[in-house]
Amino acid sequence: PRTVLAEGAVWLPGYALSQTHTLHNAIAEIHKQAPFRHFQTRMGRMSVAMTSCGKCGWVADMAGYRYALSDPGTGNSWPAMPDALRHLAVQAAMEAGYANFQPVSCLINRYAPGAKMGLHQDRDEGETEAPVVSVSLGLPARFSFGGLTRSAPKRVIELLDGDVVVWGGPSRFAWHGVSSVRETFHPQTGAMRYNLTFRAINGSR
Ligand code: MD3
Ligand code: FE
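Residues in the sequence shown are numbered consecutively from 10, following UniProt numbering.
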């Protein structure tokens, strides 16, 4: 099934369900090399723990936000993006109408109960043509998205285990956020939610 949420934004409920074991194994391997961490920003400590794989990874500190070629936690380059994950993202993008998607970075967000992500736009990629492919695992989350201004009207959807959303075209710079994750249980993740976002990046440092 597929649902067009807004122009350029396609929701593929359960698209990744057959691959959740592969995804969890990949996350565990990436965590060994590039452990999840809570970035400290000028806004405070992020409640979401993060890591990345691929050529570059998203990092935040007192200087701001950017994609970096190495992990500031270890000083090492990021773990390679596993082929199975890249293929999943490319296939989902294709399904949503985006051919030739070439993700170079995958940001992995981990939400314990109570973690949330405030309203924001994704602008650090320096790339306007490519979509962002998002894969949700584990606990459900209330995800809000609006328009190109912060105050534009919002829609709220519940993202479930295995859901994929492809955000491109006019939706690429939509404001969005995740409400505080409610404590429930999921057999594969325990009480955790994971979100993977696959991205094309221009000009990582
Ligand atoms: C809409 N992650 O990492 S995924 C993020 O559930 C982020 O962890 C959320 O927002 C999460 O930046 C939401 C859905 C998502 C990702 C990228 C987008 C929605 C988007 C880019 C543009 C518009
Ligand atoms: Fe985002």
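A virtual CB, placed ideally from N, CA and C, is assigned to each residue, including glycine.
- In this structure, I36 keeps its C-beta atom at 7 Å or more from the C-beta atom of S114.
- Looking at the backbone, the Cα of G156 and that of T83 are separated by about 37 Å.
- Under the 10 Å beta carbon count, G66 is surrounded by 16 or more other beta carbons and is classified as buried.
- Its Cα nearest to that of R119, the residue V190 stands out among P10, T137, V190, Q49.
- Ranking L146, V175, Y76 by CA distance to the CA of R214 puts Y76 first.
- At a Cβ-Cβ threshold of 7 Å, A69 and S180 do not count as neighbours.
- Annotation for A150: the continuous beta strand (DSSP E) segment containing it runs 150-154.
- For L94, the enclosing alpha helix (DSSP H) stretches over residues 92-104.
- Below 8 Å, too few C-beta pairs join the region 94-110 and the region 43-55 to call them touching: fewer than three.
- Per the DSSP secondary-structure output, L116 pairs in a beta bridge with S61, T206.
- If you check the C-beta of D131 against the ligand FE, you find a heavy atom less than 6 Å away.
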